[in-house]
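In the working numbering, the protein residues as written are 10 to 318.
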Ligand code: PMP
C-alpha cells in the first residue's frame with residue numbers, strides 16, 4: 010500500500026456521498042486553503058465503534074460556529090455518515106479525520122458567500138506510539154510560541170489556522186531530536202503539547218491546566234473521569250512550568266496518542282509511573298465499552314443553544 014494520503018484504496022464520505030479515495034479532490038482556490046478556515050476532528054475506531062463519536066461530532070459543529078459558519082449537516086447526520094464510511098472501509102480499528110471547510114465560490118479574507126463542505130476519511134492506523142515510547146515515555150522540550158489568549162484567537166475551536174504554531178514547534182522539536190514540545194499560554198503558564206493535553210502527578214494529585222483558551226480534549230475529560238472512578242484527586246488549575254520539576258509523573262493524552270508517559274522534559278527525567286500505567290489500562294477498557302460512542306464525560310460539548318434554534 011502506498012503511504013501517500015491521496016493514493017489509497019477505500020472510500021471517503023464527501024458532501025453526502027461515499028467517493029473512491031483517489032477521487033476525493035477539491036479546488037485549489039478554496040477559502041480554507043488560503044485562510045485556514047477549515048475545522049476538523051481526530052477520532053479513533055475501537056472494535057468497529059468510534060470512541061465519543063457524539064462529542065467529536067458536536068465539537069466539530071461548535072468549532073465551525075466559533076468561526077461563524079454552520080456545517081450543513083446535523084450532529085446525528087454526521088454520526089450516521091461516520092458510521093457509514095467506517096463500515097464501507099471495513100475498519101474494526103483505525104483513525105478518522107472529519108474536516109469541514111469553506112469552498113471556492115469567492116476568494117477573499119471574508120468567507121461570506123462560500124459554501125461549506127464536509128469530508129470524513131477513516132484509515133487503518135494503530136496508536137502513533139512506538140513500544141519504546143509507551144514503556145519509557147517520550148522526550149519533550151519547551152516550545153517558543155505560546156497559546157494565544159481569547160482576545161487573540163478562538164482557542165476552543167479545532168481550526169486549521171491555529172495549528173500553524175503547533176506545526177512549527179513540532180517540527181522544531183523533531184529536528185532537535187525530541188518527540189514533541191510543551192507550550193505555555195499567553196500568561197506563561199503550562200498549557201498543552203502541540204497536539205495533546207497534559208497531566209502532572211504532584212503529591213498524589215493529578216493536576217492539569219485549566220483549558221482557558223486551548224482545546225479541552227475529549228481524552229482529557231475521559232482521563233479525569235477514570236481517575237475519579239479510582240478515587241484519585243484531580244485538580245484543574247493554572248500550572249506554572251516550574252512545577253514540572255516537582256511532579257513524580259507527567260503524561261500527555263489525546264485521541265491519536267491515547268495516554269503517553271513523558272520520559273523527560275529538556276533532560277529532566279521521569280519514570281513512566283504507576284498512575285499513567287493504570288490509566289493507560291483503564292482507558293483501553295473504556296474505549297471498548299458498548300456505549301463508547303456517547304458523550305460520556307464530555308457533556309460540555311453537548312449542543313449549544315444555537316443548535317436547538
Ligand atoms: N490539544 C491539541 C492541540 C490537540 O490537537 C489535541 C488532539 N485533538 C488535543 C489537545 C486533545 O484532544 P482530544 O483528546 O479531543 O483528541
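Note that the Cβ used here is the ideal one computed from N, Cα and C, for glycine as well.
Proximal residues to residue i (C-beta, below 7 Å), its chain only, five neighbours per side dropped
i: residue 56; result: 101 and 297
i: residue 230; result: 306 and 307
i: residue 16; result: 31
i: residue 237; result: 243
i: residue 145; result: 272 and 281
i: residue 115; result: 122 and 123
Backbone CA spacing between residue i and residue j [nearest angstrom]
i: residue 255; j: residue 246; result: 16 Å
i: residue 212; j: residue 159; result: 31 Å
i: residue 117; j: residue 123; result: 10 Å
i: residue 280; j: residue 289; result: 14 Å
i: residue 106; j: residue 210; result: 31 Å
i: residue 225; j: residue 37; result: 32 Å
i: residue 286; j: residue 267; result: 12 Å
i: residue 91; j: residue 82; result: 12 Å
i: residue 113; j: residue 262; result: 36 Å
i: residue 163; j: residue 272; result: 31 Å
i: residue 151; j: residue 275; result: 7 Å
i: residue 373; j: residue 68; result: Beyond the ends of the chain as shown, which are 10 and 318, falls residue 373; an answer cannot be given.
i: residue 196; j: residue 19; result: 45 Å
i: residue 317; j: residue 86; result: In this prediction, residue 317 has a pLDDT of 48, which is less than 50 and means its spatial position is unreliable; nothing more can be read from the coordinates.
i: residue 240; j: residue 214; result: 10 Å
i: residue 25; j: residue 127; result: 8 Å
i: residue 29; j: residue 219; result: 42 Å
i: residue 311; j: residue 77; result: 18 Å
i: residue 179; j: residue 125; result: 29 Å
i: residue 283; j: residue 295; result: 18 Å
i: residue 153; j: residue 192; result: 7 Å
i: residue 6; j: residue 257; result: Because the chain is modelled from 10 through 318, residue 6 falls outside the range shown and cannot be assessed.
i: residue 299; j: residue 74; result: 30 Å
i: residue 175; j: residue 14; result: 21 Å
Those residues which DSSP pairs with residue i across a bridge
i: residue 103; result: 54
i: residue 20; result: 29
i: residue 289; result: Paired residues: none, contrary to the question.
i: residue 126; result: 110
i: residue 246; result: 218
i: residue 201; result: 192
i: residue 211; result: 214
i: residue 150; result: 190
i: residue 181; result: DSSP, once it has assigned bridges, lists no residue as partnering residue 181.
i: residue 301; result: BP columns for residue 301 are empty, so no partner.
i: residue 132; result: 104
Beta-carbon proximity check, residue i vs residue j, cutoff 8 Å
i: residue 52; j: residue 65; result: yes
i: residue 70; j: residue 269; result: no
i: residue 304; j: residue 63; result: yes
i: residue 199; j: residue 97; result: no
i: residue 72; j: residue 130; result: no
i: residue 319; j: residue 149; result: Here the chain comprises residues numbered 10 to 318, so residue 319 is not present and cannot be evaluated.
i: residue 168; j: residue 216; result: no
i: residue 185; j: residue 203; result: no
i: residue 277; j: residue 253; result: yes
i: residue 48; j: residue 109; result: yes
i: residue 120; j: residue 43; result: no
i: residue 260; j: residue 292; result: no
Contacts around residue i, its chain only, beta-carbon distance under 8 Å, and the 5 residues preceding and following it disregarded
i: residue 302; result: 58, 59, 60, 61, 62, 63 and 88
i: residue 173; result: 45
i: residue 103; result: 53, 54, 95, 131, 132, 133 and 134
i: residue 93; result: 22 and 27
i: residue 10; result: In this predicted model, residue 10 has a pLDDT of only 49, less than 50, meaning its place in the structure is not dependable enough to derive any value.
Contact set for residue i: own chain, Cβ-Cβ below 6 Å, skip 5 residues either direction
i: residue 33; result: 21 and 23
i: residue 234; result: 306
i: residue 206; result: 226, 229 and 262
i: residue 170; result: 45
i: residue 182; result: 150, 189 and 190
*Taking any heavy atom of the ligand PMP as the mark, which residues have a C-beta closer than 7 Å to it, listed down the chain?*
51, 167, 175, 201, 203, 204, 205, 206, 223, 224, 226, 227, 228, 229, 262, 263, 264 and 265
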